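Structure first, then comments.
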Amino acid sequence: MRVVFAGGGVISLLTAVECVSAGHEVVLADQSDIPFTGATSFDRHRVLRALHPGDLATTAAAVGAHHAWIEIEHLLSTAFYEQSGALTAIPAAEATAARDLLNAAGSKAEVFGAGELAAEFPHAGFVPGTGAVFESHAGVLLADRVLTACAGWLRWNAGAELRPHRKVIGVDADRAEVRLADGGILRGDAVLLAAGPWSRELLAPALARELVLHRQTMLYCDVPPADAGAWAATPAITSLGSDGGAWLVPPVAGTPLKLSAASACRVVDEVGGAVSPPWWREHLIDTFSELIPGFRRDWLIDTRDCHYLARRSTLGPLLAVLGDRVLSYAACGGSSFKFAPLIARSLAARLTGADPVPTGLEPLDRPLVRASGVHPLRPALRGVS
Numbered sequence: 021m022r023v024v025f026a027g028g029g030v031i032s033l034l035t036a037v038e039c040v041s042a043g044h045e046v047v048l049a050d051q052s053d054i055p056f057t058g059a060t061s062f063d064r065h066r067v068l069r070a071l072h073p074g075d076l077a078t079t080a081a082a083v084g085a086h087h088a089w090i091e092i093e094h095l096l097s098t099a100f101y102e103q104s105g106a107l108t109a110i111p112a113a114e115a116t117a118a119r120d121l122l123n124a125a126g127s128k129a130e131v132f133g134a135g136e137l138a139a140e141f142p143h144a145g146f147v148p149g150t151g152a153v154f155e156s157h158a159g160v161l162l163a164d165r166v167l168t169a170c171a172g173w174l175r176w177n178a179g180a181e182l183r184p185h186r187k188v189i190g191v192d193a194d195r196a197e198v199r200l201a202d203g204g205i206l207r208g209d210a211v212l213l214a215a216g217p218w219s220r221e222l223l224a225p226a227l228a229r230e231l232v233l234h235r236q237t238m239l240y241c242d243v244p245p246a247d248a249g250a251w252a253a254t255p256a257i258t259s260l261g262s263d264g265g266a267w268l269v270p271p272v273a274g275t276p277l278k279l280s281a282a283s284a285c286r287v288v289d290e291v292g293g294a295v296s297p298p299w300w301r302e303h304l305i306d307t308f309s310e311l312i313p314g315f316r317r318d319w320l321i322d323t324r325d326c327h328y329l330a331r332r333s334t335l336g337p338l339l340a341v342l343g344d345r346v347l348s349y350a351a352c353g354g355s356s357f358k359f360a361p362l363i364a365r366s367l368a369a370r371l372t373g374a375d376p377v378p379t380g381l382e383p384l385d386r387p388l389v390r391a392s393g394v395h396p397l398r399p400a401l402r403g404v405s
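Position in the sequence shown counted from 1, then plus 20, gives you my numbering.
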């Protein structure tokens, strides 16, 4: 069968790989290059960690994603998973329960007391008195390498066709067709709409209102040469214990130190580009000047803003069934990247008529079914391919 993909981010690319691996044909269209450097999923790094306090199913799913990413590295013959581990600051009273949850989910975890944490990572800027949980089945995904490897694998496969610079402006859920801005149509047996922050433009208003657009500012830094060894040995830190939700990704595999915080994420009305507004850049500089010992403004080498959608009611991803084998997946930032192999396998099964294996991720295992999920298309269409 033939599956058409609208969007060229990590979800579309990995799902296309799954479909081709199962013997199906795919055609993937995107508004720009494939991969698209302006996509939410295109960045230097994404953190892969398992801990979801109080949620064994999601924690176990994240452990499964850890193993799935290793399998994908082998399939694509590309190294992009730096298994540096991950640290999460957590109150001492909750640390043991978090470690036990991770162990029950099949991960390896240990607790760091406040003194151990300060002694082991004095350069990282944990809030004084904070303990942490360390998980070894975790680390950093080199996101741009993931997307490039997927696109390269598909280009060399006879069952795949990539169509860059072909913007999707409509989906016909009844006919499993995708309409392009140049007037052409891509017709398949199944369709996946995964256009990232632009998905709302293709969905009917009632469904589009379920999705909220967020914008996140990030800093990229070069650490001083004297501290390079310490930073290179630092795991991904998904929480420094600050009120603003500060986190960092260490400089692995030639990438810079990446810094951001939940306080630098805000709701916006529309996609506004990747240039970081000065106020938000300064907010993060001030945040990490207080947290990281020795942090200076001249560490900064770049800034970037990314956009992602989240479901209004859950702040997570949204999978909607729009028609027979026509799906829409609105991703939720780094969380969907982390789970992308599990998401791709489930979506590929639904698209090709197989029974999806439960993932433990409720938005994926229990999709929203809505018959009128896409904007109706005008009848004057041409260029079917």
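Cβ coordinates follow ideal geometry from the N, Cα and C atoms, glycine included.
Predicted, not measured: the structure shown is a model, and the values here were computed from it.
- Message: Can you check which of these residues, D325, D289, V287, V291, is closest to R301 by C-alpha distance?
- Response: D325
Quick one: Cα of H185 to Cα of V23, how far? 19 Å
| request: Could you check which residue in L371, V272, T323, A138 has the C-alpha nearest to that of A248? | output: V272
Roughly how many angstroms lie between the CA atoms of A139 and L107, to the nearest whole one? 14 Å
query = Considering only residues of the region 51-107, which uninterrupted alpha helix (DSSP H) runs meet the minimum length of 4 residues and lie entirely inside it, listed in chain order?
reply = 76-96
Apart from the five residues on each side of it in sequence, which residues of its chain come closer than 7 Å, Cβ to Cβ, to D53? P184
Alpha carbon of S309 to alpha carbon of M238, nearest angstrom:
15 Å
field: Beta-carbon contacts of A80 that lie in its chain and below 7 Å, excluding the five residues immediately before and after
entry: A125, G126, G380
*Whole angstroms is fine: what's the gap from I363's alpha carbon to E221's?*
22 Å
*CA nearest to the CA of S41, picked from L200, A178, L260*: A178
Just mark W176 as buried or exposed, buried being the case when its beta carbon has 16 or more other beta carbons within 10 Å.
exposed
First and last residue of the uninterrupted beta strand (DSSP E) at E37: For the sequence presented, residue 37 should be read as Val rather than Glu. Counting along the chain, V37 falls outside any beta strand (DSSP E), though it belongs to the alpha helix (DSSP H) covering 30-41.
Taking all protein chains shown into account, decide if H86 is buried (16 or more other Cβ within 10 angstroms of its Cβ) or exposed. buried
- Message: Buried or exposed, going by whether 16 or more other CB atoms sit within 10 Å of the CB of E91?
- Response: exposed
For A158, the three-state DSSP class (helix, strand or coil)
coil
On the DSSP letters alone, give me the boundaries of the beta strand (DSSP E) that E130 sits inside. 129-132
Practice problem: Would you grab the beta carbon distance between V67 and A256 for me? Rounded to a whole angstrom, and I think it's under 8 Å. | Solution: 4 Å
> Of the choices L279, C285, P337, V291, whose alpha-carbon is the least far from that of T323?
Replying inline: L279
Checklist entry - Does the region 145-159 come close enough to the region 111-123 to have 3 or more Cβ pairs within less than 8 Å? => result yes
### Query
Counting contacts by CB-CB distance shorter than 8 Å, is D242 in contact with chain C?
Checking the listed chains, one finds no chain C in this structure; it contains a single protein chain.
Inset, instruction - With DSSP as the reference, label V166 as helix, strand or coil. - result: helix
| Which value, in whole angstroms, describes the spacing of the CA atoms of A368 and T334? | 24 Å
Q.
Can you tell me whether I305 is helix, strand or coil according to DSSP?
A. helix
| message | Assess contact between the region 188-196 and the region 208-217, defined as three or more Cβ pairs (one per stretch) separated by less than 8 Å. Is contact present? | response | yes
task = Throw me the rounded Cβ distance for the A109 and L260 pair, which I believe falls under 8 Å.
result = 6 Å
**Message:** For S131, which residues in the same chain have their Cβ closer than 7 Å to its Cβ, ignoring the five residues on either side in sequence?
**Reply:** Reading the sequence as shown, one finds Val at residue 131 and not Ser. Contacts found: A115, T116, R119, G151, V153.
ask   = Do you know offhand how far K128's Cα is from A250's?
value = 23 Å
> DSSP three-state call for D289: helix, strand or coil?
Replying inline: coil
Q. Alpha carbon to alpha carbon, what distance is there between A36 and S366?
A. 12 Å
Legend entry - Nearest-angstrom Cα separation, counted from N123 out to H327: 34 Å
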